[in-house]
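Before any comments, here is the structure.
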Amino acid sequence: GLGYDDGQIDWTIPAVYIEDAPRFGYRGMHLDVGRHFFSVDFIKKYIDLLAVHKLNTFHWHLTEDQGWRIEIEQYPRLTEVGACRDSSMVGHYGAQTYDGSPYCGYYTQDQIREVVAYAKERFVRVIPEIELPGHSRAALAAYPELGCTDGPYEVATTWGVHEEIYCPKEETFAFLEDVLTEVMELFPSEYIHIGGDEAPKKQWEEAMVAQAVIEREGLADEHELQSYFIQRIERFLNENGRQLIGWDEILEGGLSSNATVMSWRGEDGGIAAARQGHNAIMTPGHSLYFDHYQADPDTEPVAIGGLTTLEDVYAYDPVPDTLTQVQARYILGAQANVWTEYINTPNKVEYMVYPRALALSEVVWSSEAGRDWEDFLRRLPARLQWLDMRNVDYRPPDSR
Ligand code: ACM
């Protein structure tokens, strides 16, 4: 029987010798705490579950248009102003309805240290993401002088891509270097994620200060300006012994020398990076976005869109067939992303992540030949029973 007490099983394990090794060194799960904020206790539970499933990387998406969630001592307004929005969207985007309630939350530096230490004890590294130059409305609300327009800037209440982005001024680079310095003190991770995705160029097209940088640096256009922006940040990180990860938009306008590309708009970015001899991490939307629906939307709680079933996740292979063996070595691994526009409670996070993360776990650990969907299904009930005992609010898989 499964005699257990307070949720803890008395495991009995026969003496065996296990020879096993992961296929990939990067086995990740992401969580967006910008759109909705999650407590330290929940983050620890999230990390516990990663560790159990041999996922060794927690990508903590800490800054967004809708909220700045990490205390930065040199810039207190980031959390005084940037950690609160006036209102949040309710229901799906198209409804354009708002709840009218302030929504706030951030982690103190002590809490960040606590989480990083907790993860380390469980052999999970924590990679922080500080978004730039886009997804920065909360930071601009706190420090409007970092923008390219007179504003006014407010922490966003609407989901989606916003045109307010950091202006490539010296003042902005000084600010970002200060922020990243504190971030590097908190996170020992070799990798620092700087975002780079979804940065509309409209404000740079219209701002004299941005155009003057294009002129001064001999850049062709705003895409090269983004590349210049990212490369300056990369140089700073490299000088401090760290490596940059960015979403696949960092390929546009020229890739920085050492950067690792996180491929989210399908696999093309990861393929292009590997062909250029750059490291890549696969997080393609079609297979590894755990904010997508898991079944017919009419039968599911509201989600952003898409459809990524448990079987879709299990069938995913992080190394595209089009890569040569040499190029394939640049694929460090894969990660699933959990954007939280439509995920506002811990239970809903768990509902979206489990059991799909069980499939991800095998995708990044096992050899392709060692994976067998029927066998996975046979083993699944025992895993679900284990999740039940840990009070994980997973989505029950469809019966067959
Ligand atoms: C992303 O989903 N915008 C990386």
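In terms of our numbering, the sequence shown is residues 41 to 440. No residue lacks a Cβ here, since even glycine has one placed at the ideal position from N, Cα and C.
Query raised in the report: Should Asp105 be listed as close to ligand 1, given that the test is whether its C-beta is under 7 angstroms from any heavy atom?
Result: Against the sequence shown, residue 105 aligns to sequence position 65. For ligand 1, not one heavy atom lies less than 7 angstroms from the Cβ of Asp105.
**Report entry** Rounded separation between Pro324 and Ala355 - CA only
**Finding:** Reading the sequence shown from its first residue, position 284 is the one you call residue 324. Reading the sequence shown from its first residue, position 315 is the one you call residue 355. When rounded, the distance between both Cα atoms is 13 angstroms.
Query - Separation of Arg275 from Ser297, as counted between CA atoms - result: As a working mapping, residue 297 is identified with position 257 in the sequence shown. As a working mapping, residue 275 is identified with position 235 in the sequence shown. Roughly 9 angstroms between the two C-alpha positions.
Query raised in the report: Between the C-alpha atoms of Leu277 and Phe416, what's the straight-line distance to the nearest angstrom?
Result: On the sequence shown, position 237 is the one that residue 277 refers to. On the sequence shown, position 376 is the one that residue 416 refers to. Spanning the two alpha carbons is a distance of roughly 41 angstroms.
Report task. State the start and end residues of the unbroken alpha helix (DSSP H) segment that holds Leu172. Result -> Residue numbering aside, residue 172 sits at position 132 when the sequence shown is read from its first letter. It is not in any alpha helix (DSSP H) - Leu172 instead sits in the beta strand (DSSP E) that spans Arg165 to Leu172.
Query raised in the report: Is the Cβ-Cβ distance between Ser327 and Thr348 less than 8 angstroms?
Result: The residue given as residue 327 occupies position 287 in the sequence shown. The residue given as residue 348 occupies position 308 in the sequence shown. Against a cut-off of 8 angstroms, the Cβ pair of Thr348 and Ser327 comes out as a contact.
Requested in this report: List the DSSP bridge partners of Cys144.
Outcome: Along the sequence shown, read from residue 1 onward, the residue named residue 144 stands at position 104. Beta-bridge pairing links Cys144 to Cys124.
Query raised in the report: Which term fits Tyr44, buried or exposed, when burial requires 16 or more other beta carbons within 10 angstroms of its beta carbon?
Result: Here residue 44 refers to the residue found at position 4 of the sequence shown. Residue placement at Tyr44 is poorly supported in this model, since its pLDDT is 45, which falls under 50; the coordinates still yield a value, given next. Result: exposed.
**Report entry** Length-filtered (4 minimum) alpha helix (DSSP H) runs lying within the region 273-321
**Finding:** 308-315
**Report entry** Trp444: CB within 7 angstroms of a non-hydrogen atom of ligand 1
**Finding:** Since the displayed the chain opens at 41 and closes at 440, residue 444 lies outside it and no answer follows.
Query raised in the report: Comparing the CB of Trp287 with every heavy atom of ligand 3, is any distance shorter than 7 angstroms?
Result: Absence of ligand 3 is noted for the structure shown, with ligand 1 being the only ligands found.
Report task. Locate the beta strand (DSSP E) running through Gly65, then write down its first and last residues. Result -> For the purposes of this step, residue 65 is identified with residue 25 of the sequence shown, where counting begins at 1. Per DSSP, Gly65 belongs to no beta strand (DSSP E) and is neither H nor E.
Query raised in the report: Taking the alpha carbon of Glu238 as the point to measure from, which residue in Val253, Glu211 and Val201 has its own alpha carbon closest?
Result: By one-based count along the sequence shown, residue 238 stands at place 198. Among Val253, Glu211 and Val201, the Cα nearest to that of Glu238 belongs to Val201.
Query - Alpha-carbon to alpha-carbon, Leu89 and Leu42 - result: One-based indexing of the sequence shown puts residue 42 at position 2. One-based indexing of the sequence shown puts residue 89 at position 49. Summary for Leu42: the model assigns pLDDT 43, below 50, so the residue's position carries little reliability; its value from the coordinates is reported in the next sentence. So the alpha carbons of these two residues sit roughly 20 angstroms apart.
Query - 8 angstroms Cβ shell around Val130 - same chain, five flanking residues per side excluded - result: What you label residue 130 is simply residue 90 of the sequence shown in a count that begins at 1. These residues qualify, in order along the chain: Thr137, Tyr138 and Asp139.
Query raised in the report: Comparing the CB of Trp304 with every heavy atom of ligand 1, is any distance shorter than 7 angstroms?
Result: In the sequence shown, the residue the question calls residue 304 occupies position 264. Yes, ligand 1 has a heavy atom inside 7 angstroms of this Cβ.
Report task. Could you tell me if Ser401 is buried or exposed, where buried requires 16 or more neighbouring beta carbons within 10 angstroms of its beta carbon? Result -> The residue given as residue 401 occupies position 361 in the sequence shown. By the 10 Å Cβ count, Ser401 comes out buried.
Query raised in the report: How close, in whole Å, do the beta carbons of Ala247 and Thr189 come, if the pair is a contact with beta carbons under 8 angstroms?
Result: Locating residue 247 in the sequence shown gives position 207, counting from the first residue. Locating residue 189 in the sequence shown gives position 149, counting from the first residue. At roughly 7 angstroms, the Cβ-Cβ gap stays under 8 angstroms, so Ala247 and Thr189 are in contact.
Query raised in the report: Could you give the residue range of the beta strand (DSSP E) that holds Tyr231?
Result: In the sequence shown, the residue the question calls residue 231 occupies position 191. Tyr231 to Gly235 is the extent of the beta strand (DSSP E) around Tyr231.
Query raised in the report: Would you report the Cα separation of Glu111 and Val121, rounded to the nearest angstrom?
Result: The residue you call residue 111 lines up with position 71 of the sequence shown. The residue you call residue 121 lines up with position 81 of the sequence shown. Going by the C-alpha atoms only, they are around 11 angstroms apart.
Query raised in the report: Mind checking Asp331: buried by the 16 CB within 10 Å criterion, or exposed?
Result: Numbered from 1 along the sequence shown, position 291 holds the residue referred to as residue 331. Under this definition Asp331 is a buried residue.
**Report entry** 7 angstroms CB neighbourhood of Trp287 in its chain, flanking five on each side removed
**Finding:** For the purposes of this step, residue 287 is taken as residue 247 along the sequence shown, with counting starting at 1. Cβ neighbours of Trp287 beyond the five flanking positions: Gly235, Gly236, Asp237, Met302 and Trp304.
Query raised in the report: When you compare each of Thr103, Glu169, Glu222 and Tyr193 to Tyr146 by their alpha carbons, which one comes out closest?
Result: Here residue 146 is taken as the residue at index 106 of the sequence shown, counted from 1. Ranking the options by Cα distance to Tyr146, first place goes to Thr103.
Query raised in the report: In terms of residue numbering, what span does the alpha helix (DSSP H) encompassing Leu220 cover?
Result: For this step, residue 220 is matched to residue 180 along the sequence shown. Element bounds for Leu220: Glu210 to Leu226.
**Report entry** His101 versus Gly410, Pro54 and His175, residue with shortest Cα-Cα distance
**Finding:** If you number the sequence shown from 1, residue 101 lands on position 61. Comparing Cα-Cα distances from His101 to each of Gly410, Pro54 and His175, the minimum goes to His175.
Query raised in the report: At a cut-off of 7 angstroms, is Glu169 close to ligand 1 when judged by its beta-carbon and the heavy atoms of the ligand?
Result: On the sequence shown, position 129 is the one that residue 169 refers to. For ligand 1, not one heavy atom lies less than 7 angstroms from the Cβ of Glu169.
Query raised in the report: Under the criterion of a Cβ to heavy atom distance below 7 angstroms, does Asp237 qualify as lining ligand 1?
Result: Along the sequence shown, read from residue 1 onward, the residue named residue 237 stands at position 197. True, at least one ligand heavy atom lies under 7 angstroms from that Cβ.
Query raised in the report: Taking the continuous beta strand (DSSP E) assigned at Phe98, which residues delimit it?
Result: Locating residue 98 in the sequence shown gives position 58, where the first residue counts as 1. Per DSSP, Phe98 belongs to the beta strand (DSSP E) from Thr97 to His101.
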